[in-house]
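As structure tokens, the structure follows; a few thoughts come after it.
Numbering (the UniProt record's numbering), first residue to last: 1 to 912.
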């Protein structure tokens, strides 16, 4: 761009230079016929002599050179050129000063456009000249990297960084955080960067930028757009002429006064001394930042007297003759050249301005206070070092001086969007919220009015209270969808929205949102089931498989050892191998359930049994404790654990009717619309889940809390939480007090008020779930133990079957006359019944003899004689035979019983 601009300038040079030379005559210099001093310093000055800044600078520079030349033998010779507010003329003048007059310093360029044109010419002449001039720029709006691009470029005046810091301090003191910048494109070289940097330090935000062109004829349209967007605070960076037109148009559109704030930069305020009172009064209601310089020192008063006389002589057409900042800049620039030689100007650094004057237009004049970098606001800057205690960071302490004529400032802390109109803020709330705990819209029949309540509404009330806006809004129910509710802000139907509205990226196109005041995320809710419903083998879970095998092996080993030691005392020499194995197993496993497996006769076996009993006690107790823990622990688990499982099952899911979840399910989670159902009540949610109509329901985290509080036994949250925005309050785009709203929300949360409202409206919801009772979840049922019952029942059944088969085989051997199976079974059953009846009769007779002691003794004579004879017979049997009966077990018992029965039959027949 610079190369194109340079080519354009040089192409015009040949055409315009002759005309320019005829019109541009050096105002000061030595005639060609006079000898030139050998040590003179040539200075080129390029000013717009048609503007007030150029005129002031010209008069001040001439006075400064006159003062210097009267005191030295090394005069300053300067050549003045008129740029006529045209960058191309400024470039031509720079070319002439370099080529014709061989100047060592060029001073000028009040605008960045002129300054950059001069710098381009100097840079293009650098290869052809060994000694290029130093350029002292008078432009206050200069890009930050200018000196890096042009080493010869020196900022002779203060930049606007301090001015913008003062603007930021004013806004911070007023509690304003969002600002609109209105600037003139011809003077915007660095204003945006300086203002943004200053706002970054104070937390203020430049929310909108509105550029204007010089002589803009569309101010009405520009301001109408800003008014429609509800912009309230403006920083104006334009020329005085455009600023006056802008302010006049703003007054006509009723954008001046209460509810609006206009802050002007020094581009306007630095010209206040040069205009009449009528122009100043047209800016009534505006405050501004103005370049500060001391006006009470003797040096300035002397300069002021001389300047007024010269300015009145040189420019009689000007009504005001007071010197301003432009005169001081011109005079100080010459002082700088006198103090620092041109060779050392490269190393010279501008001292930043520390103090800025703050003005408030009042009638035909203005009031002033001051802001000093690092110190704050004050009523005066006189002896500021000795009276540092007079500085303050807040403008509240000096408002009596500055703000009596500024009515909006007195109630600025309660200013808001609603106060700028004739009606209260219209706040929309969803009329058909699925969860009435969030927003409840009901009709009070007695008062015949709509009652709006709920968790979200109460949080909104607390936030507005924290912003001192308690009575500035009214709630209006809205029956459309949530997206339509947000769009109603953009269409000016509502000024804000308070509801269970999720913050989404697409909704930011129509409104600005506060930070979330609830947990954010989307969760999946499914039915629960008992974790033990399919755990029929639960009794095996306390031990691992290896533990079971080791326990069984050591148990059998211990039984074998005891059998081996005790076999001479318990073994029948004629017993079969099967009988011996049974004895081993009995000895082994009986120690797990009894204090001893059998009577021990050896100390070695007693020692082994005692140790095994100790180990068995620990094992059984550990098993019992582990199994009890499994049975009493939480036994509920979700039926579905992930979204992938739902997709693999091709299951149907549900969501809240009218919410954004449908779009999220289709676009993000990849569900198809036929598999998505919407519901408009929590009861229908529960019915659909219980009936299997849907496998899961997707709810936002706050809604899931409320739903699970109502249905606390049958449903559970599962799977991951999907990241979406939480609930937030919506305001129009560019809402200036959005940061205040966020701060108020933080205060409400940190004070515990949000938690209190959650407990009141959400968590305290009574559980109405009747799908399952506590008994069903707390009692143990057959599902967990049927295998054990099958094992013990099966073992008994097997033993019974084996016993019956063995008995039939023995009966068949003793009764060979029964050949057919049916006949054999029938005879066996008859014989078994006969044995049972006979055994019962014998037992009954013995019992009768024992218990009927009061009966007639004569009636029992025969029975007693019979029992006596049997006892005598048994006693007469040799001891070896009795021991044999005992060792032979059941066979010995049967032999003894048969002999006794035969004896009883013989005795009975004899008695008959």
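Idealized CB from N, CA, C, for every residue including glycine.
Given the structure is predicted, the values throughout are model-derived calculations rather than measurements.
query                                                                                                                                                                                              : result
Take residue 203 and list the residues in its own chain whose beta-carbon comes closer than 8 Å to its own, dropping the five residues that flank it on each side.                                 : 172, 177 and 739
From what residue to what residue does the alpha helix (DSSP H) around residue 120 run?                                                                                                            : 112 to 125
If we cut at 8 Å on Cβ distances, does residue 247 have a partner in chain C?                                                                                                                      : The question asks about chain C, but that chain is absent: this structure has only one protein chain.
According to the neighbour-count rule (16 or more other Cβ atoms, all chains shown, within 10 Å of its Cβ), is residue 156 buried or exposed?                                                      : buried
Assuming residue 498 and residue 731 make a contact with CB atoms under 8 Å, what is their CB distance in whole Å?                                                                                 : The pair is not a contact, with the Cβ atoms about 10 Å apart (cut-off 8 Å).
Output the distance between the C-alpha atoms of residue 237 and residue 289, rounded to the nearest integer angstrom.                                                                             : 11 Å
Quick one: any contact between the region 299 to 311 and the region 274 to 288, if contact means 3 or more CB pairs under 8 Å?                                                                     : no
Quick one: grab the DSSP three-state call for residue 362.                                                                                                                                         : strand
Please tell me whether residue 180 and residue 233 are closer than 8 Å, where the distance is taken between their beta carbons.                                                                    : yes
Indicate the three-state DSSP secondary structure (helix, strand or coil) for residue 260 in the structure shown.                                                                                  : coil
Could you please give the first and the last residue of the uninterrupted alpha helix (DSSP H) stretch that includes residue 544?                                                                  : Note, residue 544: premise wrong, no alpha helix (DSSP H); not H, not E.
Can you tell me the Cα-Cα spacing of residue 519 and residue 750, whole angstroms?                                                                                                                 : 15 Å
Taking 8 Å as the cut-off, decide whether the C-beta atoms of residue 94 and residue 154 are in contact.                                                                                           : no
State yes or no: is the C-beta of residue 458 nearer than 7 Å to some heavy atom of the ligand FMN?                                                                                                : Ligands are entirely absent from the displayed structure, and the ligand FMN is therefore not among its contents.
Tell me, to the nearest whole angstrom, how far the beta carbon of residue 502 is from that of residue 735; I am working on the premise that it is less than 8 Å.                                  : About 19 Å separates the two Cβ atoms, so there is no contact after all.
Going by alpha carbons, who is nearest to residue 435 out of 115, 48 and 709?                                                                                                                      : 709
Please go through the same chain and pick out, in chain order, the residues whose beta-carbon is closer than 6 Å to the beta-carbon of residue 161, but skip the five residues on each side of it. : 194
Buried or exposed: which applies to residue 663, given that a residue is buried once 16 or more other Cβ atoms fall within 10 Å of its Cβ?                                                         : exposed
Using 8 Å as the threshold, is the C-beta distance between residue 281 and residue 325 below it?                                                                                                   : no
Out of 258, 681, 666 and 454, state which residue places its alpha-carbon closest to the alpha-carbon of residue 707.                                                                              : 681
In terms of residue numbering, what span does the alpha helix (DSSP H) encompassing residue 460 cover?                                                                                             : 455 to 466
Determine the burial state of residue 548: buried for a count of at least 16 other Cβ atoms within 10 Å of its Cβ, exposed for fewer.                                                              : exposed
Between the region 94 to 103 and the region 58 to 76, can you find at least three pairs of beta-carbon atoms closer than 8 Å?                                                                      : no
So which of 566, 527, 582 and 448 has the shortest CA-CA distance to residue 606?                                                                                                                  : 566
Got a sec, what are the start and stop residues for the beta strand (DSSP E) residue 391 sits in?                                                                                                  : Counting along the chain, residue 391 falls outside any beta strand (DSSP E), and DSSP gives it neither H nor E.
Nearest to residue 529 by alpha carbon, out of 715, 813 and 230?                                                                                                                                   : 715
In this structure, how does DSSP classify residue 371 when only helix, strand and coil are distinguished?                                                                                          : strand
I'd like to check one pair, residue 478 with residue 431: are the Cβ atoms closer than 8 Å?                                                                                                        : yes
Where does residue 912 fall in DSSP's three states?                                                                                                                                                : Reliability of the predicted coordinates at residue 912 is poor, the pLDDT of 45 falling under 50, and no value is obtained from them.
Helix or strand or just coil, what does DSSP make of residue 481?                                                                                                                                  : coil
Along the chain, where does the beta strand (DSSP E) containing residue 442 start, and where does it finish?                                                                                       : 440 to 444
Do residue 475 and residue 452 count as a contact pair if the criterion is CB distance below 8 Å?                                                                                                  : yes
Should the region 58 to 65 be regarded as contacting the region 302 to 320, the criterion being three or more beta carbon pairs within less than 8 Å?                                              : yes
Counting only the same chain and skipping the five closest in sequence on each side, list residues whose C-beta sits under 7 Å from that of residue 459.                                           : 517, 748, 754 and 757
List the whole-angstrom C-beta distance separating residue 698 from residue 653, where the pair is believed to meet the contact cut-off of C-beta under 8 Å.                                       : 6 Å
Considering only residues of the same chain and omitting the five flanking positions on each side of residue 541, which have a CB-CB separation below 7 Å?                                         : 630
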